[in-house]
Amino acid sequence: MSAFNAIGEERDIDRNEFTPGIEPQPTWCPGCGDFGVLKALKQALPEVGLTPEEVLTVTGIGCSGKLNSYLDTYGFHTIHGRSLPVARAAKLANDGLEVIAAGGDGDGYGIGGNHFMHTARENHDMTYIVFNNEVFGLTKGQTSPTSPKGHKSKTTPHGNAKSPIRPLSLALTSGATYIARTAAVNPNQAKEIIKEAIEHDGFAHIDFLTQCPTWNKDARQYVPYIDVQESDDYDFDVTNRQEAQEMMFETENQLYEGTVLTGRYFVDERPSYQEQKKELGEMPEEPLAERYFDEDAEWERSYDLLERHK
Amino acid sequence: MSNHELIWRIAGGSGDGIDSTSQNFAKALMRSGLDVFTHRHYPSRIRGGHTYVEIRAAGHEVQSRGDGYNCLLALGDSFARNPQEEAYYGNEEIKPLSENLDDLREGGLIVYDSGLLSEEDVAELDLEERAAENDWHVFPIDLRSMAKEHGREVMRNTAGVGVTAALLEMDLEHIEDLMEDAMPEKILEPNLTILHEAYDMVTEEYAFEHDLRIPEGNHDEAQALLSGSNAIAYGAIDAGCRFIAGYPMTPWTDVFTIMSQNLPDMGGISEQVEDEIAAAALAVGASHAGVKAMSGSSGGGFALMSEPLGLAEMTETPIVLLESMRAGPSTGMPTKPEQGDLEFTLYTSQGDSARVVFAPGNIEEAYEQTRLAFHVAYEYQIPTIIMYDQKLSGENTNVPVSFLDREPAPSLGSVVTEADLEDMPHDETGKFHRFQHDVDNNVSPRSLPGQKGGRYLATGNEHTPSGHISEDADNRVAQMERRVEKLEDIRAELDEEHDSNQTYVGDELADFGIITWGSSQGAVFEAVERLNDDGHAVKAVSVSDMMPFPEAEMTEFLESVDQAMVVEMNATAQFRGLIQKELGRYGEKLTSLLKYNGNPFEPAEIVEGYELNSDGSDADPSAQVRIEPAAGD
Ligand SMILES: Cc1ncc(C[n+]2csc(CCOP(=O)(O)OP(=O)(O)O)c2C)c(N)n1
Ligand code: SF4
Ligand SMILES: [Mg+2]
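Read top to bottom, the protein sequences are chains A and B.
For the first sequence, position 78 (counting from the first letter as 1) is numbered 677 according to our numbering, and the numbering increases by one without interruption.
For the second sequence, position 430 (counting from the first letter as 1) is numbered 482 according to our numbering, and the numbering increases by one without interruption.
This is the structure in structure tokens:
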């Protein structure tokens, strides 16, 4: 008997189940790309058979971090840069949950960059959506780790001397096993990619281009975009690390030259962290959280460890 | 109390097996019926560098390392660097002998390995002269050759144990048993031979002119030798903690290691992660999902936990954190004890803090208060911190095994079940009111992700009952008051439903009080006993409740004395400051005795501090301690 009956529940799921009935309505600026992520998620979740109470969305701080205020799931809006460690521990504690982490480019590639690298390396079974608007939105438009070289903002009045981070390449070298880029202006592709990421067993990273019309006026709205899988100009194998690497490099370069490339870049079947930990005997087969509700559970005690101290 | 005690010091280089040799020797003494207490002194270095372990053993209770010591086994430092004239580290080879002479008591024994320590170096120490002055009995013995002859050079520790056992007329039975338990056949045989060889040689060839012998004692029941880190880890295990996340840092690493070695076999999970920010955030995430979780670190790593700690406070996520202090600031002295992180631990993280902090004073308290920490954290949905230090972490003492014969307490505290949720308040869209305003004990029961009917948003922003971000003034005041007022409810529960976490000793009617906290307890209590034996009326309290502060108990104590000396290991009298802040008075009664040279207090230093204080003398103390006069002086 489970103490968490929302998990794995089989029932019809309404298309609007993830939409809050009344307040709060999103407070994002008109035209903000963040709406696109929300919409794609609301569509994707029921389509993969998930119900609101078996999903945990864990967000960072930023405009993007408000995502779970407007999406009906269990939510944890954490602190700036720390969504991943909170999310992956929740998954370890109860691996029946569908865990989705999300945050901004500053949140995920800047202040939380170390967690990004390590969560990818460990290949935790979860989805991570980075709202990449190439600026710090919530703090009013400062230069971010993905802002283009030369980008002017109040903190870089003469232009940004730094080259932008390469999010897809970073995910690949770190060890992520599903890597994609999509854009808010392409809701169908976004929805499909989110579905694939959720269904992927391992760390799925989506670099989600979200235009910020308020602070990034001169930036493109990420149109027109090209789907690298659909375009005849590109041909590579997403399961081939070398080819994926080259395609990512090209995609990252092109973005700053005005061509928006999107699509799936890398898919790998490496076992997830949870699977590996279980195999080594470092994690219980049954969700740990269930045990606290099991009245027949036998709890080991330190008294039985005393032989070595006598 | 009989004064008869052995304080055996084994000295050598880091990496020379001092730890395991002393651990077994302490167990042998314990098995022979003695109470034991160990103290470990070591540098922040893996190989070489002067290190020692002291084992104090007596037929009566021992609560501290004692004053000085009376039996030295100086093994030589096999990783010593080439001695050079004026070298910054000095001549390292001779240190196991030279560094340990000042603390050796009159009438003490010295055994040193003449196979490793050169005659020239020893000659420079004026050992003969000093021995004559202090009635020391010196035994230069070539332990190294003895070890080499029957086994390998590294077995010289065993030879040294054999020699000291012979000199103390100590039975070898327990030592042999322990060696048999610990050693594989191949090395057991030569070690046993060396042990006996050394023992017999000394017994036969030396005339004993010294008085020191092994004390006698006996225990009513089997004992277990536990360190403070064992006690904390075992308290956590018995409280049902099955998740730990951490990043190594001395001295916290000890608990992290013990937990990591045991949790997987207990169906739990241990995670070594990228940094301490992640470690604390993982504990929050695991607890949020319904597991009893902990993390911890030492000063610098704990500093990185500030923001996740605040997140736990704001989202009312129960977690237990350890703050295993070492001498600061910054990297400080990594292997040395200090109690300098009190203010930092009480207040770190932005906003008004709402956390519970316990500072156990000994090994039994470490176990009890860790269990209590989980109870309070999970019942009241609040982070609870156990503060301790390098001293308590590494010291070993014996406790009766029945002390740990307890029922586990795995309850998740104030969580709801799916059945409970059906009748609980929700908003129109089905969100559970996980943060209700008016609730018993200010605790609003929490649901867990995956439960039917429990959906809500946890957020570090201020929030409404169902978790929506809100800056509404009335809601803010209600939520803020509920969070901070929990501390009053916790205080009430601690006062009314539990034995006090404060420990009292001495003459109840005394006008002079000593106040201490955390691991300085043992030395203070021994000093008080000594003072009372010598006809001074003194009492002491050792405080563990740092937050919420035990206001009633401390007021009563301070009302009952004319003067109180606060003993703590830091330079700025942080606990004295806390008392004054919490009670708002008594500044004129409180003086301080402070020590911050990297070594814990010895009882004699506290006795002297008392004498100088009670005389009103402004003479300087002889030890490296400082007296801070009362406010207004
Ligand atoms: C530790 C910390 N540092 C700084 C901030 C202030 N801050 C809030 S959001 C943010 C950056 C937001 O940028 P991004 O992560 O890209 O999210 P966006 O708003 O663009 O979605 C910053 C610097 C904070 N909340 N916490
Ligand atoms: S500031 Fe930019 S990112 Fe933030 S809500 Fe407005 S448009 Fe969106
Ligand atoms: Mg951004």
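All C-beta atoms in this analysis are idealised placements derived from N, C-alpha and C, irrespective of residue type, glycine included.
All values derive from a computational prediction rather than experimental measurement.
Q: From the DSSP output, in three-state form, read off T90/B for me.
A: Position 38 of the second sequence holds residue 90/B. T90/B falls in the strand class under three-state DSSP.
Q. DSSP puts M357/B in a beta bridge; with which residues?
A. Here residue 357/B refers to the residue found at position 305 of the second sequence. Its beta-bridge partners do not exist; DSSP assigns none.
Q) Which residues, in chain order, does the segment 807 to 841 of chain A contribute to contact with chain B at a C-beta distance below 8 Å? A) For the segment 807 to 841 of chain A, which is checked against every Cβ of chain B, not one residue is closer than 8 Å.
Q: Flag this pair as yes or no: are the beta carbons of H714/A and T511/B separated by less than 8 Å?
A: To locate residue 714/A, count along the first sequence from 1; it is residue 115. To locate residue 511/B, count along the second sequence from 1; it is residue 459. Against a cut-off of 8 Å, the Cβ pair of T511/B and H714/A comes out as no contact.
Q. Q934/A lies in the alpha helix (DSSP H); which residues open and close that run?
A. As displayed, chain A neither begins before 600 nor continues past 909, which places residue 934/A out of reach and without an answer.
Q. Who are the near neighbours of V339/B in its chain, counting only those whose CB is closer than 6 Å to its CB and skipping five residues on each side?
A. Residue 339/B sits at position 287 when you count from the first residue of the second sequence. As written in the sequence, residue 339/B is Ser, which differs from the Val given in the question. Cβ within range, chain order: A345, T369, P370 and I371.
Q | Which listed residue (G320/B, P655/B, H271/B and N414/B) has its alpha carbon closest to that of S281/B | A | Here residue 281/B refers to the residue found at position 229 when the second sequence is read from its first residue. Minimum Cα distance to S281/B is reached at N414/B.
Q) If you measure from the beta carbon of K739/A to each beta carbon in chain B, is any gap under 8 Å? A) Here residue 739/A corresponds to residue number 140 of the first sequence, with the count starting at 1. No, K739/A lies away from the interface with chain B (no Cβ there is under 8 Å from its Cβ).
Q. So, helix, strand or coil for K591/B, using DSSP?
A. On the second sequence, position 539 is the one that residue 591/B refers to. If DSSP states are grouped into helix, strand and coil, K591/B belongs with the strands.
Q. Is there a Cβ from chain B that is less than 8 Å from the Cβ of R681/A?
A. What you label residue 681/A is simply residue 82 of the first sequence in a count that begins at 1. By this cut-off, R681/A is an interface position.
Q. What's the call for P886/A, buried or exposed, on a 16-neighbour Cβ count within 10 Å?
A. Taking the first residue of the first sequence as 1, we reach residue 886/A at position 287. Buried is the call here.
Q. Which residue from L645/B, N622/B, G574/B and L642/B puts its Cα closest to that of D119/B?
A. Taking the second sequence and counting its residues from 1, the one referred to as residue 119/B is at position 67. Considering only L645/B, N622/B, G574/B and L642/B, the residue with the shortest C-alpha distance to D119/B is G574/B.
Q: Pull up the distance between the alpha-carbon of S445/B and that of V827/A, whole angstroms please.
A: As a working mapping, residue 445/B is identified with position 393 in the second sequence. As a working mapping, residue 827/A is identified with position 228 in the first sequence. Rounded to the nearest angstrom, the two C-alpha atoms are 58 Å apart.
Q.
Under 8 Å: do the segment 321 to 330 of chain B and the segment 352 to 364 of chain B share three or more Cβ pairs, one atom per stretch?
A. Counting Cβ pairs under 8 Å, three or more are found: they touch.
Q. Can you list the alpha helix (DSSP H) stretches of 4 or more residues lying completely in the segment 696 to 733 of chain A, in chain order?
A. Counting only runs of at least 4 residues, the segment 696 to 733 of chain A fully encloses the following alpha helix (DSSP H) elements, listed from N- to C-terminal order: 712 to 721.
Q. For a contact meaning CB atoms closer than 7 Å, what does T511/B contact in chain A?
A. Sequence index remark: in the second sequence, residue 511/B carries index 459 (1-based). Within chain A, the residues near T511/B are H676.
Q) Does the Cβ of A689/A have 16 or more other Cβ atoms within 10 Å, making it buried, or fewer, making it exposed? A) Here residue 689/A refers to the residue found at position 90 of the first sequence. Buried, since its Cβ has 16 or more Cβ neighbours within 10 Å.
Q | Per-residue contacts from L219/B into chain A (C-beta, under 9 Å) | A | The residue labelled residue 219/B in the question sits at position 167 within the second sequence. Near L219/B there are no residues of chain A at all, since even the closest Cβ is about 26 Å away, more than 9 Å.
Q) Looking at the unbroken alpha helix (DSSP H) that takes in V215/B, where does it start and where does it end? A) Along the second sequence, read from residue 1 onward, the residue named residue 215/B stands at position 163. Unbroken alpha helix (DSSP H) run through V215/B: R208 to L219.
Q: Take M53/B and list the residues in its own chain whose beta-carbon comes closer than 6 Å to its own, dropping the five residues that flank it on each side.
A: If you number the second sequence from 1, residue 53/B lands on position 1. With a pLDDT of 39 at M53/B, under the threshold of 50, the predicted position of this residue should be treated as unreliable, though the coordinate-derived value follows. Answer for M53/B: H112, listed in chain order.
Q: Figure out for me which residue from E201/B, I631/B, R97/B and T210/B has the closest Cα to the Cα of Q75/B.
A: Position 23 of the second sequence, counted from the start, is the residue given in the question as residue 75/B. That would be T210/B, whose Cα lies nearest to the Cα of Q75/B.
Q.
Helix, strand or coil, according to DSSP, for A682/B in the structure here?
A. Taking the first residue of the second sequence as position 1, residue 682/B is located at position 630. The three-state secondary structure of A682/B, taken from DSSP, is coil.
Q: Mind checking which residues open and close the beta strand (DSSP E) that includes S376/B?
A: If you number the second sequence from 1, residue 376/B lands on position 324. For S376/B, the enclosing beta strand (DSSP E) covers residues I371 to M377.
Q: List the endpoints of the continuous beta strand (DSSP E) containing Y900/A.
A: In the first sequence, counting from the first residue as 1, residue 900/A sits at position 301. Inspection of the sequence shows that residue 900/A is occupied by Arg rather than by Tyr. Looking at the DSSP string, R900/A is not in any beta strand (DSSP E), and its letter there is neither H nor E.
Q.
Residues of the segment 77 to 110 of chain B in Cβ contact with chain A at a cutoff of 9 Å, in chain order, please.
A. So the list reads K79, M82 and R83, given in the order they occur along the chain.
Q. Name the DSSP beta bridge partners of Q615/B, please?
A. Translated into the one-based positions of the second sequence, residue 615/B becomes position 563. DSSP lists F564/B as partners of Q615/B.
Q: Go through its chain and collect everything with a Cβ distance to F892/A's Cβ below 7 Å, but skip five positions before and after it.
A: Position 293 of the first sequence, counted from the first residue, corresponds to residue 892/A. Non-local beta-carbon contacts of F892/A in its own chain, meaning distances under 7 Å to residues more than five positions away in sequence, involve A602 in chain order.
Q) Hey, would you say A425/B sits closer than 8 Å to F410/B, going by beta carbons? A) What you label residue 425/B is simply residue 373 of the second sequence in a count that begins at 1. What you label residue 410/B is simply residue 358 of the second sequence in a count that begins at 1. Yes, they are a contact pair.
Q.
Quick check on this structure: which residue in V866/A, Q642/A and T813/A has the alpha carbon closest to the alpha carbon of N559/A?
A. With chain A covering only 600 through 909, there is no way to say anything about residue 559/A.
Q: Kindly list, in the order they appear in chain B, the residues whose Cβ is closer than 8 Å to that of I621/A.
A: Position 22 of the first sequence, counted from the first residue, corresponds to residue 621/A. Proximity of chain B to I621/A at the Cβ level (cut-off 8 Å) is accounted for by E480 and T481, in chain order.
Q. Does the beta carbon of G857/A sit closer than 8 Å to a beta carbon anywhere in chain B?
A. Residue 857/A sits at position 258 when you count from the first residue of the first sequence. Against chain B, the CB of G857/A has no partner CB under 8 Å away; the residue lies outside that interface.
Q | Rounded C-alpha distance that separates A132/B from Y777/A | A | Against the second sequence, residue 132/B aligns to sequence position 80. Against the first sequence, residue 777/A aligns to sequence position 178. Each residue's Cα considered, the two are about 52 Å apart.
Q: Confirm the yes/no value for this check: CB of D404/B, any heavy atom of ligand 2, distance under 7 Å.
A: Here residue 404/B corresponds to residue number 352 of the second sequence, with the count starting at 1. Checking the Cβ of D404/B against ligand 2 gives no.
Q) Mind checking whether the beta-carbon of F730/A lies closer than 7 Å to any heavy atom of ligand 3? A) Residue 730/A sits at position 131 when you count from the first residue of the first sequence. Yes; taking the cut-off as 7 Å, the Cβ of F730/A has a heavy atom of ligand 3 nearer than that.
Q. Quick one: is R890/A buried, meaning 16 or more other Cβ sit within 10 Å of its Cβ, or exposed?
A. Mapped onto the first sequence, residue 890/A falls at position 291. Under the 10 Å beta carbon count, R890/A is surrounded by 16 or more other beta carbons and is classified as buried.
Q) chain A beta carbons: is any one of them nearer than 8 Å to that of A318/B? A) Against the second sequence, residue 318/B aligns to sequence position 266. In the sequence on display, residue 318/B carries Met and not Ala. True, the Cβ-Cβ gap to chain A drops below 8 Å.
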